[in-house]
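**Q** Protein chains in written order, with our numbering: chain A, 150 to 264; chain B, 518 to 629. To start, I am sharing the structure in question, which I have written as structure tokens.
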Amino acid sequence: EADIYQTPRYLVIGTGKKITLECSQTMGHDKMYWYQQDPGMELHLIHYSYGVNSTEKGDLSSESTVSRIRTEHFPLTLESARPSHTSQYLCASSELGLASYNEQFFGPGTRLTVL
Amino acid sequence: GQQVMQIPQYQHVQEGEDFTTYCNSSTTLSNIQWYKQRPGGHPVFLIQLVKSGEVKKQKRLTFQFGEAKKNSSLHITATQTTDVGTYFCAGRGSGSARQLTFGSGTQLTVLP
Chain A
150 EADIYQTPRY LVIGTGKKIT LECSQTMGHD KMYWYQQDPG MELHLIHYSY GVNSTEKGDL
210 SSESTVSRIR TEHFPLTLES ARPSHTSQYL CASSELGLAS YNEQFFGPGT RLTVL
Chain B
518 GQQVMQIPQY QHVQEGEDFT TYCNSSTTLS NIQWYKQRPG GHPVFLIQLV KSGEVKKQKR
578 LTFQFGEAKK NSSLHITATQ TTDVGTYFCA GRGSGSARQL TFGSGTQLTV LP
């Protein structure tokens, strides 16, 4: 069954720790995204990728970094977590094509709390 | 940069009442998508509108795209408790602004 997975689902961590949020999809999608969403608020695009070895920064400035070594995998890393990073992080994927129809499929999200 | 505004931010309705959320973009859009996020869940795609003046229906949900392709609306007829959640519009710009920009969402509460 095609799907998009995120781990961990919940993470509580101390300030200064390095963390990696995992995202994988089995749909063969070229395009992948990371969004940051505070509870009840809008989604802010922080990173996206068009395919392997492609990464771009989104509209919202973020201290996180991403990599895309494999099509199905798009991890997000925070080198030194701070309380201001506390939020929900949503990973999504979509087909890449010239057609404008490309719905995004979202993972379940990682709820990060930095103490 | 492209901005997408959505109103109202919150809406409480009695079950059976209608509900509408409105989305306005600062720039002309190539298309607009709508997503629903249940409490504690993740956004799920509902529909995409591409053509000027387009109207699409999904059972009790009616989606409209404005003639100028700068605004859109989602109307739910006779709400049910299963309609509870936050509804987001997401607009895609033209030219270099090709990423989706999400609106702030409308949080719908349906009282039984």
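C-beta: ideal position from N, C-alpha, C; glycine also. It should be emphasised that the depicted structure is a prediction, and the values quoted were computed from it without experimental measurement.
To the nearest angstrom, report how far apart L566/B and T262/A are at their CA atoms.
**A** Taking the second sequence and counting its residues from 1, the one referred to as residue 566/B is at position 49. Taking the first sequence and counting its residues from 1, the one referred to as residue 262/A is at position 113. In a straight line, the C-alpha of L566/B is about 37 Å away from that of T262/A.
**Q** Quick check on DSSP: helix, strand or coil for K587/B?
**A** Residue numbering aside, residue 587/B sits at position 70 when the second sequence is read from its first letter. In this structure, K587/B counts as coil in the three-state DSSP scheme.
**Q** Classify M231/A: buried if its beta carbon has 16 or more other beta carbons within 10 angstroms, exposed otherwise.
**A** Here residue 231/A is taken as the residue at index 82 of the first sequence, counted from 1. One point to set straight first is that residue 231/A is Arg, not Met, in the sequence displayed. Label assigned to R231/A: exposed.
**Q** Please report how far the alpha carbon of Q559/B lies from the alpha carbon of F619/B, in whole angstroms.
**A** As a working mapping, residue 559/B is identified with position 42 in the second sequence. As a working mapping, residue 619/B is identified with position 102 in the second sequence. Checking the sequence, you will find His at residue 559/B rather than Gln. The alpha-carbon atoms of H559/B and F619/B are separated by roughly 14 Å.
**Q** Taking 8 Å as the threshold (C-beta atoms), are T623/B and Y604/B in contact?
**A** For the purposes of this step, residue 604/B is identified with residue 87 of the second sequence, where counting begins at 1. For the purposes of this step, residue 623/B is identified with residue 106 of the second sequence, where counting begins at 1. Yes.
**Q** Return helix, strand or coil for A614/B, following the three-state DSSP convention.
**A** Translated into the one-based positions of the second sequence, residue 614/B becomes position 97. With a pLDDT of only 49 at A614/B, under the threshold of 50, the placement of this residue in the model should not be trusted, and no figure is reported.
**Q** Tell me the residue span of the beta strand (DSSP E) that contains L194/A.
**A** Here the question's residue 194/A lines up with position 45 in the first sequence. 192-198 is the extent of the beta strand (DSSP E) around L194/A.
**Q** Would S547/B and R609/B qualify as a contact pair, given that the criterion is a beta-carbon distance under 8 Å?
**A** Against the second sequence, residue 547/B aligns to sequence position 30. Against the second sequence, residue 609/B aligns to sequence position 92. For S547/B and R609/B, yes; Cβs fall inside 8 Å.
**Q** Among the candidates M522/B, I593/B, Q616/B, T599/B, whose CA atom is the shortest distance from the CA of P556/B?
**A** Locating residue 556/B in the second sequence gives position 39, where the first residue counts as 1. The shortest Cα separation from P556/B among M522/B, I593/B, Q616/B, T599/B belongs to T599/B.
**Q** Against chain A, which members of the region 595-612 of chain B pass a CB distance test of less than 9 Å?
**A** Hits within the stretch, in order: T603, F605, A607, R609.
**Q** Does H559/B come within less than 8 Å of chain A when only Cβ atoms are used?
**A** Your numbering for residue 559/B matches position 42 in the second sequence. Cβ-Cβ to chain A under 8 Å: yes for H559/B.
**Q** On a Cα-Cα basis, can you pick out the residue from V572/B, H529/B, P629/B, K587/B that is closest to T519/B?
**A** What you label residue 519/B is simply residue 2 of the second sequence in a count that begins at 1. For clarity, residue 519/B is Gln in the given sequence; the question names Thr instead. Out of V572/B, H529/B, P629/B, K587/B, K587/B has the C-alpha closest to the C-alpha of Q519/B.
**Q** Consider the Cβ of D208/A: report whether some Cβ of chain B lies at a distance smaller than 8 Å.
**A** The residue given as residue 208/A occupies position 59 in the first sequence. Cβ-Cβ to chain B under 8 Å: yes for D208/A.
**Q** Does any C-beta atom of chain A lie closer than 8 Å to the C-beta of F619/B?
**A** Locating residue 619/B in the second sequence gives position 102, where the first residue counts as 1. It does: the Cβ of F619/B has a partner Cβ on chain A nearer than 8 Å.
**Q** Kindly list the residues whose CB is nearer than 8 Å to the CB of T537/B, restricted to its own chain and excluding five residues on each side of it in sequence; keep chain order.
**A** Position 20 of the second sequence, counted from the first residue, corresponds to residue 537/B. Closer than 8 Å at the Cβ level, and outside the excluded window around T537/B, lie S590, L591, H592, I593.
**Q** So, with DSSP's three-state summary, where would you put S242/A?
**A** Start at 1 with the first residue of the first sequence, and residue 242/A comes out as number 93. Here S242/A sits in strand by DSSP.
**Q** To the nearest angstrom, how far is it from the Cα of T175/A to the Cα of H222/A?
**A** Position 26 of the first sequence, counted from the start, is the residue given in the question as residue 175/A. Position 73 of the first sequence, counted from the start, is the residue given in the question as residue 222/A. Cα to Cα, T175/A sits roughly 9 Å from H222/A.
**Q** Please classify Q581/B as buried or exposed, where buried requires at least 16 neighbouring CB atoms within 10 angstroms.
**A** What you label residue 581/B is simply residue 64 of the second sequence in a count that begins at 1. Buried, since its Cβ has 16 or more Cβ neighbours within 10 Å.
**Q** Please tell me whether Y197/A and G189/A are closer than 8 Å, where the distance is taken between their beta carbons.
**A** The residue given as residue 197/A occupies position 48 in the first sequence. The residue given as residue 189/A occupies position 40 in the first sequence. Cβ atoms of Y197/A and G189/A: not closer than 8 Å.
**Q** Do Q185/A and C172/A have their CB atoms nearer than 8 Å?
**A** Here the question's residue 185/A lines up with position 36 in the first sequence. Here the question's residue 172/A lines up with position 23 in the first sequence. No, they are not a contact pair.
**Q** Within the 8 Å Cβ cut-off, does Q528/B reach chain A?
**A** Reading the second sequence from its first residue, position 11 is the one you call residue 528/B. Not one chain A Cβ lies under 8 Å of Q528/B.
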